[in-house]
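No gaps in the numbering here: position 116 of the sequence shown is 116 in our numbering, and each next residue is one more. Note that beta-carbon positions come from the ideal geometry of N, C-alpha and C, so glycine has one too. Quick caveat, the model's predicted, so the values are computed rather than measured.
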Amino acid sequence: MTSLDSFKCCKTLKVGSKTYAYYSLPIAEKNGLKGISRLPFSLKVLLENLLRNEDGRTVTKDDIKAVAEWMKTKTSDHEIAFRPARVLLQDFTGVPCVVDLAAMRDAMKNLGGDPKKINPLIPVDLVIDHSVAVSFYGNKDAFKKNVDEEYRQNQERYEFLKWAQRSFDNFRVVPPGTGICHQVNLEYLARTVWTRKDKVTVDGKQASMEVAYPDTLVGTDSHTTMVNGLAVLGWGVGGIEAEAAMLGQPLSMVLPEVIGFKLSGRLKEGVTATDLVLTVTQMLRARGVVGKFVEFFGPGLAHLTIADRATLGNMAPEYGATCGFSPIDDDTIKYLKDTARPAEVVSLVAAYAKAQGMYRIKTTPDPVFTDVLKLDLATVEPSLAGPKRPQDRITLRDVKSGFTTSMEKEFGKGGELHKRSKVEGRAYDLGHGDAVIAAITSCTNTSNPNVMIGAGLLARKAAAKG
Numbered sequence: 001m002t003s004l005d006s007f008k009c010c011k012t013l014k015v016g017s018k019t020y021a022y023y024s025l026p027i028a029e030k031n032g033l034k035g036i037s038r039l040p041f042s043l044k045v046l047l048e049n050l051l052r053n054e055d056g057r058t059v060t061k062d063d064i065k066a067v068a069e070w071m072k073t074k075t076s077d078h079e080i081a082f083r084p085a086r087v088l089l090q091d092f093t094g095v096p097c098v099v100d101l102a103a104m105r106d107a108m109k110n111l112g113g114d115p116k117k118i119n120p121l122i123p124v125d126l127v128i129d130h131s132v133a134v135s136f137y138g139n140k141d142a143f144k145k146n147v148d149e150e151y152r153q154n155q156e157r158y159e160f161l162k163w164a165q166r167s168f169d170n171f172r173v174v175p176p177g178t179g180i181c182h183q184v185n186l187e188y189l190a191r192t193v194w195t196r197k198d199k200v201t202v203d204g205k206q207a208s209m210e211v212a213y214p215d216t217l218v219g220t221d222s223h224t225t226m227v228n229g230l231a232v233l234g235w236g237v238g239g240i241e242a243e244a245a246m247l248g249q250p251l252s253m254v255l256p257e258v259i260g261f262k263l264s265g266r267l268k269e270g271v272t273a274t275d276l277v278l279t280v281t282q283m284l285r286a287r288g289v290v291g292k293f294v295e296f297f298g299p300g301l302a303h304l305t306i307a308d309r310a311t312l313g314n315m316a317p318e319y320g321a322t323c324g325f326s327p328i329d330d331d332t333i334k335y336l337k338d339t340a341r342p343a344e345v346v347s348l349v350a351a352y353a354k355a356q357g358m359y360r361i362k363t364t365p366d367p368v369f370t371d372v373l374k375l376d377l378a379t380v381e382p383s384l385a386g387p388k389r390p391q392d393r394i395t396l397r398d399v400k401s402g403f404t405t406s407m408e409k410e411f412g413k414g415g416e417l418h419k420r421s422k423v424e425g426r427a428y429d430l431g432h433g434d435a436v437i438a439a440i441t442s443c444t445n446t447s448n449p450n451v452m453i454g455a456g457l458l459a460r461k462a463a464a465k466g
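Quick look at the structure:
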């Protein structure tokens with residue numbers, strides 16, 4: 001339905017040869033929502049969502065005013081209804097959602113209705129990820145053989161998903177062997193600004209127009225937050241919540257506290273985004289950010305690529321926040337161009353963000369946050385995560401002593417720690433600590449070409465050393 005638009009902020013935006021409708025935050029501020037220009041960028045996304053979906057029932061004028069009221073205390077216990085622009089599914093939780101849709105079509109048919117009326121009400125992408133096993137390796141045909149084997153072993157499931165893609169509106173499937181779902185989302189699916197045809201009232205006149213609004217989503221993978229690095233607000237949910245959103249139901253949430261994370265300086269040579277995110281995670285876990293938004297800001301952002309920011313967003317589940325958001329800026333636009341997004345999408349993102357006061361430049365005043373943490377990027381040191389949990393961190397120079405300490409905690413300083421076992425048929429024995437395994441975590445690093453290339457070089461050198 002058309003928004004009630006209590007703050008009379010539905011306006012038009014001309015980008016190239018196209019004209020879009022949008023719900024203007026600067027106009028809403030003039031029409032009663034005082035101070036919202038200083039909101040965190042992530043809360044501006046939530047505010048626009050409420051303005052656009054105001055129906056007097058699930059979203060009321062008081063819900064919208066509550067966001068402006070947030071500025072006074074930087075916290076709130078007001079509950080709002082959030083409608084994401086789209087849903088991201090991975091196959092483990094996505095396939096049951098599609099089965100439910102198919103079952104609803106059966107029920108509709110049995111009741112004498114038209115089964116084709118059963119469709120997702122918002123766009124849904126299902127990415128078949130983490131699926132291809134390494135049965136073949138060490139030659140140039142290995143990848144193709146592994147993908148072929150994956151199709152052979154799961155033929156029935158993929159035939160069902162192919163049927164679903166052909167049968168349902170608003171539903172796409174990304175095939176196996178393409179990438180991990182949050183990486184595919186970042187590099188291909190996300191648009192930063194979304195559009196859809198809808199009824200709007202502009203200057204007192206009703207019209208059917210293309211409406212522009214921030215790209216938002218919920219996903220059935222906890223690391224959906226990787227896309228926060230591209231200024232797309234989204235987070236992981238369970239299959240039931242994803243299915244509800246898919247069928248047009250709003251997600252209920254309390255207006256969150258927003259912890260600002262101010263970055264200054266730049267990373268030293270040889271320090272990676274992984275080192276940065278381990279440091280940030282340690283700081284945020286010490287602060288306590290469960291159920292809160294985290295938003296990155298400050299001059300240091302200009303020295304972090306979108307891939308680096310995506311790494312920061314990806315680890316939100318490890319530091320406990322709902323999301324780790326970075327706002328739109330010149331780097332966002334460059335990334336969209338570099339990843340071959342259509343020119344009209346890139347132009348719209350820039351024009352929309354600037355019109356909404358959502359485009360970060362050097363002179364942008366710092367938003368108002370619930371609390372602020374600060375980090376000089378130059379102080380970040382090469383680090384490892386572990387030895388057990390991905391959120392634990394130890395600097396590279398302390399690995400030897402840290403490993404010894406961990407071993408002593410595990411086995412005590414007594415005889416068990418120093419116990420040796422003879423290896424049958426070999427001229428050596430083995431004991432605790434002789435074999436150490438280090439993993440380069442795929443879900444954190446797939447967004448980042450620098451660390452992926454670094455991992456490849458490391459593997460090549462290790463292979464050369466036997």
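* Report buried or exposed for A464, applying the criterion of at least 16 other Cβ atoms within 10 angstroms of its Cβ. => exposed
* Taking only the alpha-carbon atoms, compute the straight-line gap between N119 and K199 and give it to the nearest angstrom. => 20 Å
* Pair every Cβ in the segment 168-177 with every Cβ in the segment 121-132, then say whether three or more of these pairs are closer than 8 Å. => yes
* To do: Could you check if V193 is buried or exposed, using at least 16 other CB atoms within 10 Å of its CB as the buried criterion?
  => buried
* Keeping to the same chain, check which residues put their C-beta closer than 7 Å to that of N456; ignore five residues upstream and five downstream. => The question names Asn, yet the displayed sequence has Gly at residue 456. Cβ within range, chain order: n/a, list empty.
* Asked: Ends of the beta strand (DSSP E) at Q90?
  -> R86 to Q90
* Asked: If we ignore side chains and look at the alpha-carbon of each, how far apart do L276 and A286 end up?
  -> 16 Å
* Minimum C-alpha distance to F411 - residue among F325, G433 and K422 -> G433
* Asked: Going by alpha carbons, who is nearest to V436 out of K197, G414 and S406?
  -> S406
* **Unbroken alpha helix (DSSP H) run spanning E408, endpoints** => V399 to F411
* Residues of its chain near S208, where Cβ-Cβ distance is below 6 Å and the 5 sequence neighbours each way are ignored -> K199
* Beta-bridge pairing of K18 - partner residues as DSSP gives them -> V15
* Three-state secondary structure assigned by DSSP to L255 -> coil
* Asked: Terminal residues of the continuous alpha helix (DSSP H) containing A353?
  -> A343 to Q356
* Enumerate, from N- to C-terminal direction, the unbroken beta strand (DSSP E) stretches of 3 or more residues contained entirely within the segment 411-447. => 420-422 and 429-431
* **Nearest-angstrom Cα separation, counted from E54 out to D5** => 7 Å
* Please state whether DSSP places F297 in a helix, a strand or coil. => strand
* To do: Under 7 Å Cβ to Cβ from T339, same chain only, skipping five residues before and after it: list those, please.
  => E187
* the segment 212-225 touching the segment 253-270, judged by at least three CB pairs closer than 8 Å -> no
* Locate the beta strand (DSSP E) running through E210, then write down its first and last residues. => K205 to P214
* Exposed unless 16 or more other CB atoms sit within 10 angstroms - verdict on P84 -> buried
* Asked: How far does the beta strand (DSSP E) with G456 in it reach, from first residue to last?
  -> Taken as a continuous stretch (DSSP letters only), G456 belongs to no beta strand (DSSP E), being part of the alpha helix (DSSP H) at P449 to A464.
* Counted within 10 angstroms of its Cβ, other Cβ atoms place G300 as buried (16 or more) or exposed -> buried
* Rounded to a whole number of angstroms, what is the C-alpha to C-alpha distance between T12 and K374? -> 39 Å
* Taking one C-beta from the segment 266-284 and one from the segment 381-395 each time, how about it: are there three or more such pairs within less than 8 Å? -> yes
* **Other residues of its chain near E318: CB distance less than 7 Å, five sequence neighbours each side excluded** => T281, P390 and Q391
* Asked: With a CB to CB cut of under 6 Å and the five nearest residues on each side skipped, what residues in its chain are close to G248?
  -> L121
* Going by CA-CA distance only, name the one from Y22, T364, T444 and T2 that's closest to T311. => T444
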